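>
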Amino acid sequence: MDFTFLGTGTSHGIPMIGCTCGVCTSTQPENKRRRCSLYVVTEGQHLVFDTPPDFRDQVLSFGVERVDAVFLTHAHADHVFGFDDVRRFSALQESHIPVHGSEETIRLMRKKFDYVDQGYNFESVPRVRFTEQTDAVAVGGATVTPLPVSHGKDTIYGFLIEGDGRRIGYIPDCNGIPQTTYALLTDMDAMILDGLRPKEHPTHFNIEQCVESLARIGAKKSFITHLTHNSEHHALQARLGEAVTVPWDGLRVML
Numbered sequence: 001m002d003f004t005f006l007g008t009g010t011s012h013g014i015p016m017i018g019c020t021c022g023v024c025t026s027t028q029p030e031n032k033r034r035r036c037s038l039y040v041v042t043e044g045q046h047l048v049f050d051t052p053p054d055f056r057d058q059v060l061s062f063g064v065e066r067v068d069a070v071f072l073t074h075a076h077a078d079h080v081f082g083f084d085d086v087r088r089f090s091a092l093q094e095s096h097i098p099v100h101g102s103e104e105t106i107r108l109m110r111k112k113f114d115y116v117d118q119g120y121n122f123e124s125v126p127r128v129r130f131t132e133q134t135d136a137v138a139v140g141g142a143t144v145t146p147l148p149v150s151h152g153k154d155t156i157y158g159f160l161i162e163g164d165g166r167r168i169g170y171i172p173d174c175n176g177i178p179q180t181t182y183a184l185l186t187d188m189d190a191m192i193l194d195g196l197r198p199k200e201h202p203t204h205f206n207i208e209q210c211v212e213s214l215a216r217i218g219a220k221k222s223f224i225t226h227l228t229h230n231s232e233h234h235a236l237q238a239r240l241g242e243a244v245t246v247p248w249d250g251l252r253v254m255l
């Protein structure tokens, strides 16, 4: 199994429009952050988690050659507004691509992208099969299980991905993890978790909360994601030490 961080930033991305802070004007490539997305290759399957507005650039920049299934955490703009570019993969692969999400997420996707599956040819629109996911889904030999978490007043999904004898968790947005979800996150090879900024936030874990939750999960490798311009990459990594890795866009991890 391997996974690539296609994006590690919050909804504004970094640099943020109109900002001249030290992080937004940094020349360090690690401080350039697209909106959150993850690409996982396991059991011969190519899985994408969220399709943010930067999706086309992410695919071209980081060598995404195939998409066998898409999993959506929720339908906020910063996680799905690159969805139209899935059409290139359905055209190249000459097949419908399964798209999984909660009942509410799929309802909103059908509304936001109401032209999908309206009889147009493969080149014009994404050809997908929307699936309301409530339990584990098999994609080839891989298994993807939804992880309900709190995102403000909403319940959205993270995902547990299992394949090639490995287990990774991906929760890019949350401000609370119920005990039932923690119970699924055992014997983890890698865990990727929302840690927005130093200051508390009503819909996201801050950095301290993220680190505490990662310690509770105890994965072999821990990562923070969904970062704002309030954290300079190298300074944050120095603060977190070896316990938690601060990823950058394009980081590929082999397990």
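According to full-length UniProt numbering, the stretch in the sequence shown is residues 1 to 255, in order.
Glycine included, each C-beta is placed from N, C-alpha and C at the ideal position.
Quantities reported herein were computed from a predicted structural model and do not represent experimental measurements.
1. For Leu90, report the span of its alpha helix (DSSP H) as first-last.
2. Shortest alpha-carbon distance to Ser127 belongs to which of Ile97, Gly101, Leu108?
3. On a Cα-Cα basis, can you pick out the residue from Thr20, Ile177, Val137 that is closest to Phe71?
4. Taking the C-alpha atoms as reference points, what is the distance between Asp173 and Val59?
5. Taking the alpha carbon of Ile168 as the point to measure from, which residue in Ala75, Ser222, Glu132 has its own alpha carbon closest?
6. Any contact between the stretch 43 to 63 and the stretch 104 to 119? By contact I mean 3 or more CB pairs, one from each, below 8 Å.
7. Please go through the same chain and pick out, in chain order, the residues whose beta-carbon is closer than 6 Å to the beta-carbon of Leu248, but skip the five residues on each side of it.
8. Nearest by alpha-carbon distance to Lys112: which of Phe89, Phe83, Ser124, Glu132 is it?
9. Quick check: the Cα distance between Phe159 and Val144, rounded to an integer number of angstroms?
10. Could you tell me whether the Cβ atoms of Ala69 and Leu47 are closer together than 8 Å?
11. Can you give me the start and stop residues for the beta strand (DSSP E) that Thr145 sits inside?
12. Would you check if the distance between the CB atom of Thr193 and the CB atom of Leu214 is smaller than 8 Å?
13. Determine the direct distance from the alpha carbon of Glu200 to that of Ala210, and round the result to whole angstroms.
14. Look up Tyr39 in the DSSP assignment and say whether it is helix, strand or coil.
15. Looking at the strands, I want to know which residues DSSP matches up with Val246.
16. Which residue's Cα is closest to the Cα of Val139: Ala243, Gln45, Arg88, Gly7?
17. Starting from the C-beta of Ser11, find all residues in its chain whose C-beta is less than 6 Å away, skip the five residues before and the five after it, and write them out in chain order.
18. How many angstroms separate the CA atom of His74 from the CA atom of Ile177?
19. Kindly list the residues whose CB is nearer than 7 Å to the CB of Gly152, restricted to its own chain and excluding five residues on each side of it in sequence; keep chain order.
20. Please name the residue in Val41, Val40, Gly22, Leu38 whose C-alpha comes closest to that of residue 257.
21. Looking only at its own chain, which residues have a Cβ that is under 7 Å from the Cβ of Asp2, when we skip the five neighbours before and after it?
From the atom records:
1. The sequence shown places Ser at residue 90, not Leu. Taken as a continuous stretch (DSSP letters only), the alpha helix (DSSP H) holding Ser90 covers 86 to 93.
2. According to the sequence provided, residue 127 is Arg. The question's Ser does not apply to it. Ranking the options by Cα distance to Arg127, first place goes to Ile97.
3. Val137
4. 21 Å
5. Ser222
6. no
7. Checking the displayed sequence, the identity of residue 248 turns out to be Trp instead of Leu. Around Trp248: Glu30.
8. Phe83
9. 6 Å
10. yes
11. 142 to 151
12. The sequence given here places Leu at residue 193; Thr does not occur at that position. The answer is yes: Cβ separation under 8 Å.
13. The question names Ala, but residue 210 in the sequence shown is Cys. Each residue's alpha carbon lies about 11 Å from the other.
14. strand
15. According to DSSP, Val246 bridges with nothing at all.
16. Gln45
17. Asp78
18. 15 Å
19. Asn175, Pro202, Thr203
20. Because residue 257 is not part of the residues shown, which for the chain are 1 to 255, the question remains open.
21. Val41, Arg252, Val253, Met254, Leu255
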